[in-house]
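Since the structure comes first, as structure tokens, the remarks are kept for the end.
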Amino acid sequence: MPNRDRIDGHFDLLMSLEHRRGMGQKNVIETQFLPSFRAGGFTGMIASIFIEDRFLPEMGLRKALDQIGSLYEDRQESHGTWDLCKTYLDYERCRQAGRFGFFISMEGADSLMNDLSLLSVFYELGVRFLGLVWSRRNYAGDGCHFKPVLEGRKGGLTDFGLALLKKAEELGMIIDVSHLNDEGFEDVCAFAQKPFIASHSNCRALMETPRNLRDKDILRIAEIGGLIGGNAANIFIKNPPCEATVRDFAKHLAYMKQLAGIDHVTLGFDFCIHLREDSPVSLPSDVGNGIPVFREIIDGHSELQRLEEAMLEESFSPEEIEKVFGENYLRFLCSHL
198 MPNRDRIDGH FDLLMSLEHR RGMGQKNVIE TQFLPSFRAG GFTGMIASIF
248 IEDRFLPEMG LRKALDQIGS LYEDRQESHG TWDLCKTYLD YERCRQAGRF
298 GFFISMEGAD SLMNDLSLLS VFYELGVRFL GLVWSRRNYA GDGCHFKPVL
348 EGRKGGLTDF GLALLKKAEE LGMIIDVSHL NDEGFEDVCA FAQKPFIASH
398 SNCRALMETP RNLRDKDILR IAEIGGLIGG NAANIFIKNP PCEATVRDFA
448 KHLAYMKQLA GIDHVTLGFD FCIHLREDSP VSLPSDVGNG IPVFREIIDG
498 HSELQRLEEA MLEESFSPEE IEKVFGENYL RFLCSHL
């Protein structure tokens, strides 16, 4: 049994899994992902369903179901090294048995289109975390775009978005506000009846981008008992992104701690460089001199120790680091799943 829990609150796993299995690869998680997770000491993860623009709107539902189906098929081929978790007790059973535990999230409700009844289907399939939007517009509301785009006036949650929020809470899903624009965040604050999370967002005070949280957003999440997961993508850490370091990432976590309190700070690394191997996802490549614009601040889950060292330099105590790396998520899951 692991002595310490390490939980990544956001990882784009299922899109890669579905693609690789579609190419004929078997037992993908155990052979291609789990070694890195284990090397970093990770014991659990929230794995997201993500639908690329090119499949929307018509193929969104099919792709979401394909991704979940790939997870179930891959589990059948594993050797009991990991399992799907739908409750905290499921995770605790995995932990006791030394198995890795996965929860499922939806990164944007695009695959539902405007059919509220589909949410219950996804709940039965194991989805427990719901991001209402990604960084684009859907039937639920507007996401926060990475850069200016040609669109109509921004809005908050739509009538469907509010109904979706209510239904998700009734089912027992946890709402995720990462990728929501400011207007949508305000609507969640006004209408949510349960604590919610920002699974992979940083601090706008340290890096100005609509993908990061304002100070008042961080405070609000803490007030309602939610969680904020630091994002390891350099484009959300420092400007210019090519100069961002792991110490700069630790500064975001330290800022969250100072503002919200240590009990609300977690990790949601958002590692996605691996997606380039599986699909033509849109990630910035260079700035003309060969320096990558988009990169991850540490080289995957196996390098967690580098973040730990940077956090010690930012005056985190070992006890506080344990909270950020896993204990805070465990407490939240125990209370809400």
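Sequential numbering of the sequence shown, starting at 198, is according to this note's numbering. Here a beta-carbon is modelled for each residue, glycine too, at the ideal position from N, C-alpha and C. Small disclaimer: the values here were computed from a predicted structure and weren't measured.
Continuous alpha helix (DSSP H) stretch holding residue i: start and end
| i | result |
| --- | --- |
| F357 | D356 to L368 |
| L214 | L211 to G219 |
| H533 | N525 to H533 |
| F446 | V443 to A457 |
| I518 | P515 to E519 |
| G266 | G257 to E274 |
| F522 | Neither: F522 is in no alpha helix (DSSP H) and is coded neither H nor E. |
| L416 | D412 to E420 |
| L464 | Looking at the DSSP string, L464 is not in any alpha helix (DSSP H); the run it does join, the beta strand (DSSP E), is V462 to L464. |
| G381 | D379 to F388 |
| D287 | Y285 to A294 |
| Q222 | Segment: none, Q222 is in no alpha helix (DSSP H) and carries neither H nor E. |
Integer Cβ distance of residue i from residue j, believed to fall under 8 Å
| i | j | result |
| --- | --- | --- |
| L211 | S267 | 7 Å |
| R444 | A507 | 5 Å |
| N428 | D467 | 5 Å |
| I494 | N431 | 6 Å |
| L361 | A395 | Contact flag wrong, Cβ pair sits at about 18 Å. |
| E321 | D263 | The pair is not a contact, with the Cβ atoms about 17 Å apart (cut-off 8 Å). |
Contacts around residue i, its chain only, beta-carbon distance under 8 Å, and the 5 residues preceding and following it disregarded
| i | result |
| --- | --- |
| Y526 | D202, I204, G206, G241, L424 and T463 |
| A457 | I415, L416, I418, A419 and I425 |
| I488 | The pLDDT assigned to I488 is 45, lower than 50, so where the model puts this residue is not dependable, and the model offers no usable value. |
| L359 | D384 and F388 |
| W279 | I226, E227, L231, R272, C291, R296, F297, G298 and F299 |
| L315 | L258, S308 and L309 |
| S514 | none |
Residue i - containing beta strand (DSSP E), residue span
| i | result |
| --- | --- |
| S245 | G241 to I246 |
| M310 | From DSSP, M310 is part of no beta strand (DSSP E); its letter is neither H nor E. |
| D250 | Note, D250: premise wrong, no beta strand (DSSP E); not H, not E. |
| R325 | V324 to G328 |
| G426 | L424 to G427 |
| F234 | No beta strand (DSSP E) contains F234, which is instead part of the alpha helix (DSSP H) from L231 to A236. |
| P281 | The question names Pro, yet the displayed sequence has Leu at residue 281. From DSSP, the beta strand (DSSP E) with L281 extends over W279 to L281. |
| D467 | Per DSSP, D467 belongs to no beta strand (DSSP E) and is neither H nor E. |
Short Cβ contact (7 Å threshold) for residue i with residue j
| i | j | result |
| --- | --- | --- |
| M404 | I434 | yes |
| R325 | M256 | no |
| E304 | G340 | no |
| E505 | I518 | yes |
| G277 | H498 | no |
| D209 | S245 | yes |
| K520 | I459 | yes |
| K283 | G323 | yes |
| Y285 | C531 | yes |
Same chain, Cβ closer than 7 Å to residue i, neighbours up to 5 away in sequence not counted
| i | result |
| --- | --- |
| M198 | Unreliable placement is indicated for M198, whose pLDDT of 37 sits below 50; the coordinate value is still reported in the next sentence. Within the same chain, M198 has close Cβ partners R292, Q293 and G295. |
| K363 | none |
| P392 | I421, G422, G423 and H533 |
| E274 | K223 and N224 |
| E270 | R218 |
| L472 | D209, M212, S213 and V478 |
| L253 | D307 |
Close Cβ partners of residue i (< 6 Å) along its chain, the five nearest in sequence each way excluded
| i | result |
| --- | --- |
| N486 | Here the model assigns N486 a pLDDT of 43, short of 50, so the residue's position is not dependable, and the following value carries that caveat. Closer than 6 Å at the Cβ level, and outside the excluded window around N486, lies no residue. |
| E516 | none |
Residue-level contact to chain D via CB, residue i, 7 Å cutoff
| i | result |
| --- | --- |
| K448 | This model lacks chain D altogether; it includes just one protein chain. |
Closer than 6 Å: residue i CB and nearest the ligand ATP heavy atom
| i | result |
| --- | --- |
| G352 | Looking for the ligand ATP in the displayed structure turns up nothing, as the structure carries no ligands at all. |
Does the stretch 230 to 244 come within contact of the stretch 292 to 310, defined as at least 3 CB pairs closer than 8 Å? yes
Across the stretch 375 to 383 and the stretch 306 to 326, are there enough close Cβ pairs to call them in contact, namely three or more that are closer than 8 Å? no
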